[in-house]
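Single-structure report; data block below.
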Amino acid sequence: MIKLNNIVIGFDKDLFAVDRVGFQKGKVHLLTGKNGIGKSAFLRTLSGLLKPLQGEISLDDKALDKYSDRELSTHISFVPSSQKGVSFLSVDAYLMLGRSNFTNMFGNASEEDLKAVEKAKSIFGITHLSHKHTNQISSGELQLCAIAKAYVQETDYILLDEPTAHLDYQNKKRVYELLKQISIDQNKGIIISTHDLDLAFKFPFNFYLIKESDLKLHEIEGFNDIENEFNS
Amino acid sequence: MIGVKSHTVLLFVVFVGILGLSFFGLMLGDIPTKFSDLYPALLDYSSQDINQVIIREIRLPRIMMAIVSGAALSVAGMLMQTLFQNPLAGPYVLGINSGSSLMVALGVLSGVGFFNSELGLIGSALLGAFVFGLFILFTASFLRNQIGLLLFGVMLGSFVSAIITILEAGSQAEALKSFALWSMGSLNNATVEQIPMIFSVFIITCFLTFFIIKPLNILVLGEEECRLMGYDIKKIRILIVFITALFTGLITAFCGPIAFVGLAVPNLTRMLFKTQNHMLLLIANLLFGAFFLLTCDITIQLFSDILLIPINALTSLIGAPFVIYILIRKLR
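If you're matching them up, the sequences are chains A and B in order.
Each residue of the first sequence is one higher than the last, beginning at -14 in my numbering.
Each residue of the second sequence is one higher than the last, beginning at 96 in my numbering.
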């Protein structure tokens, strides 16, 4: 479980505070809030890229900053909001980079690594892109590849910053369904930020809102809280 | 995996090409030598035979330097391009050579004893390359623009050449002449006795590069991805700059500045092999780099009756248009 206790999120200046919250495994946790309020900063803090300005985050009852970067990469994977395609980097090679904790010191793939990549491709429906270069596919396709890359990393927690931003409606729905499935079947904790609320609320996720009025993270029950926030 | 076989075949062909060109180069020169002189010159040497002396003392070091320089500069270019995620980066354009040049100029032109020694020369060239490499790295941390960084490198080069010009103006004719020859770039400077040392440093540096293959592969996705995968990006960056400085400084100390090899060859290999797998790229750059500079050297030897072209001039003649081609492709 990722636990936060009296945390202040931000970089350079404070963005918002988190009193007390815990993200357990086996669930999809969905985070929303107005543009610029600090959703990305929040996920980056959980990923270890940013330090909280105040307070301590713990992962499985051990402080996050007590983990080495390498250890952390075996527990938490993070997909930033925008991906850039790289010329001459095939989707297969890209996904294999997600297996870095498993491949040998030269990055050579084992049978198991190849299987994991094949499985991820079929789950996310990107098998047909295998040999395409990552700068030659659409941003939606690249986003699916990025999620698949986090999936093959086989971490307990997956953080996704607006994973559905570039996807069409069908793929948005598919991604949410897949994330729900993965969280239950493989007992993973998935934390995502999104603006696709209408769709997301059809799923049994845990919802969190960063309120502008008090600049705090709140766990919310119904859609009303959201409407209040965005209509204000 | 598609194309693994054809990649191996291509690399093998280039390898055979290097061997062939090397033997051809050993035979090539103003004084005709027989093929039968090769074997004793290399393995059963007698300093009494003038043909053997020519092959062993003059041609062999030159061929070896062509191979090592081409390979080292190409790998250095690959490292810079991956580190800065910029296909137009290279040890020469980023001004890493300039660091070596400045230090060598200070040594040769000032005439201070230590710098004129062999060790002093190599040491100062390596140090100059490393310091300038760190300087570029530091600049890149706030100058995010790709073209901006290159302009910075070019300006660094101009600044250094201005200092060198001032040094030249105030130095003795003899020192001036030896520095001018050095700055034209030449594969002839190393002696056969220095070759084992140069090769050792080269091999060790290649070995170091093999250890960072995996972070290099991830680095094409950006430094953040590298951190998320558990690599200490600060260490990796400095290690890359260190390796680049070893390659560049070593070659610059012995051969003078050789332009564009480190820019053109890594781009060529990425285009040919269509990969970002740095294991393959590393091997390809070693082989293609050696092949390219060997070809340049042999071309120079073939035309040496008519005109002696400095190696730096020839690599620029071929490399600069190629870079312009990449620029147009990229910026269009």
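No residue lacks a Cβ here, since even glycine has one placed at the ideal position from N, Cα and C.
* When the Cβ atoms of the segment 158 to 172 of chain B are set against those of the segment 349 to 365 of chain B, are three or more pairs found closer than 8 Å? -> Segments in contact, yes.
* Can you check whether the CB of LEU244(B) is closer than 8 Å to the CB of LEU238(B)? -> Contact flag set, yes.
* Tell me whether the beta-carbon of HIS60(A) lies closer than 8 Å to the beta-carbon of TYR136(A). => No, they are not a contact pair.
* Are any of the Cβ atoms in chain B nearer than 8 Å to that of ASP54(A)? -> Chain B, which has a Cβ nearer than 8 Å to the Cβ of ASP54(A), makes this yes.
* Contact between the segment 42 to 49 of chain A and the segment 74 to 83 of chain A: three or more CB pairs below 8 Å? -> Touching, no, given that fewer than three Cβ pairs across the two stretches are closer than 8 Å.
* Are the segment -9 to 1 of chain A and the segment 161 to 181 of chain A in contact at 8 Å, needing three or more beta carbon pairs? -> Taking a contact to require three or more Cβ pairs closer than 8 Å, the segment -9 to 1 of chain A and the segment 161 to 181 of chain A do not qualify as touching.
* Can you give me the Cβ contacts of LEU286(A) inside the same chain, cut-off strictly under 7 Å, excluding the 5 residues immediately before and after it? => Outside the shown range of chain A, which is -14 to 217, sits residue 286(A), and nothing can be said about it.
* **Euclidean distance between Cα positions of VAL76(A) and LEU216(B)** => Rounded to the nearest angstrom, the two C-alpha atoms are 47 Å apart.
* Under 8 Å, do VAL64(A) and SER168(A) count as touching if we go by C-beta distance? -> No, they are not a contact pair.
* **Contacts that PHE87(A) makes with chain B (C-beta to C-beta distance below 7 Å)** => Residues of chain B with a Cβ closer than 7 Å to the Cβ of PHE87(A) do not exist, since the nearest Cβ in that chain sits about 11 Å away.
* Asked: Along chain B, in chain order, which residues have C-beta atoms closer than 7 Å to that of LEU78(A)?
  -> This sequence places Ala at residue 78(A); Leu is not what is there. What ALA78(A) touches in chain B: GLN371, ASN372.
* Mind checking PRO182(B): buried by the 16 CB within 10 Å criterion, or exposed? -> Under this definition PRO182(B) is a buried residue.
* Using a C-beta cutoff of 8 Å, does LYS309(B) count as contacting chain A? -> Closer than 8 Å: yes.
* Asked: Just reading off the alpha helix (DSSP H) that ILE378(B) is part of, what are its end residues?
  -> Per DSSP, ILE378(B) belongs to the alpha helix (DSSP H) from 373 to 397.
* TYR2(A) in three-state terms, based on DSSP -> Here residue 2(A) turns out to be Ala, not Tyr, going by the sequence shown. If DSSP states are grouped into helix, strand and coil, ALA2(A) belongs with the strands.
* **Within 8 Å of chain B by C-beta, residues of the segment 122 to 148 of chain A in sequence order** => From the segment 122 to 148 of chain A, no residue has a Cβ closer than 8 Å to chain B.
* Looking at C-beta atoms only, is the number of pairs between the segment 106 to 120 of chain A and the segment 390 to 409 of chain B that lie closer than 8 Å three or more? -> No contact exists between the segment 106 to 120 of chain A and the segment 390 to 409 of chain B.
* Asked: Count the other CB atoms within 10 Å of the CB of PHE107(B); is the residue buried (16 or more) or exposed (fewer)?
  -> Looking at its Cβ environment, which holds fewer than 16 other Cβ atoms inside 10 Å, PHE107(B) is exposed.
* **Option in PRO361(B), TYR140(B), VAL188(B) with minimal Cα separation from SER253(B)** => Nearest option by C-alpha distance: VAL188(B).
* Asked: Going by C-alpha distance, which of ILE(-13)(A), GLU204(A), LYS47(A) is nearest LEU31(A)?
  -> Taking the Cα of LEU31(A) as reference, the smallest distance to any Cα among ILE(-13)(A), GLU204(A), LYS47(A) is reached at ILE(-13)(A).
* If I'm right that GLN180(B) touches GLY317(B) with Cβ under 8 Å, what's the distance once you round it to whole angstroms? => Beta-carbon to beta-carbon, GLN180(B) and GLY317(B) are separated by about 7 Å, close enough to satisfy the 8 Å threshold.
* Asked: Straight-line CA distance for HIS373(B) to SER236(B)?
  -> About 23 Å.
* Asked: So is ILE419(B) buried or exposed if we call it buried at 16+ other beta carbons inside 10 Å?
  -> ILE419(B) is classed as exposed because its beta carbon has fewer than 16 other beta carbons within 10 Å across all chains shown.
* Inter-stretch contact at 8 Å, needing at least 3 Cβ pairs: the segment 128 to 137 of chain B / the segment 151 to 162 of chain B -> As far as the Cβ criterion goes, the segment 128 to 137 of chain B touches the segment 151 to 162 of chain B, which means the pair count is three or higher.
* Asked: Who are the near neighbours of LEU184(A) in its chain, counting only those whose CB is closer than 7 Å to its CB and skipping five residues on each side?
  -> Spatial neighbours of LEU184(A) in its own chain (CB-CB distance under 7 Å, excluding positions within 5 residues in sequence) are listed in chain order as LYS157, LYS158, TYR161.
* Any idea what DSSP makes of GLU41(A), helix, strand or coil? -> Of the three classes helix, strand and coil, the one that applies to GLU41(A) here is strand, per DSSP.
* To do: Give every residue of the same chain whose Cβ lies closer than 6 Å to the Cβ of LEU204(B), excluding the five residues on either side of it in the sequence, and list them in chain order.
  => Counting only residues of its own chain and dropping the five nearest sequence neighbours on each side, LEU204(B) has a CB closer than 6 Å to the CB of LEU262, SER266, ALA270, PHE274.
* Asked: Do you know how far the Cα of ASN191(A) is from the Cα of LYS173(A)?
  -> Their Cα atoms are separated by approximately 14 Å.
* Kindly give me the distance between the Cβ atoms of ILE406(B) and LEU282(B), rounded to whole angstroms, as I take these residues to be in contact under 8 Å. => Indeed, because the Cβ distance is near 6 Å, the residues count as touching under 8 Å.
* Asked: Pick from LEU323(B), LEU376(B), ALA184(B), VAL226(B): whose alpha carbon is nearest that of ILE308(B)?
  -> Ranking the options by Cα distance to ILE308(B), first place goes to LEU376(B).
* Asked: Does any residue of chain A bring its CB to less than 8 Å from the CB of VAL315(B)?
  -> By this cut-off, VAL315(B) is an interface position.
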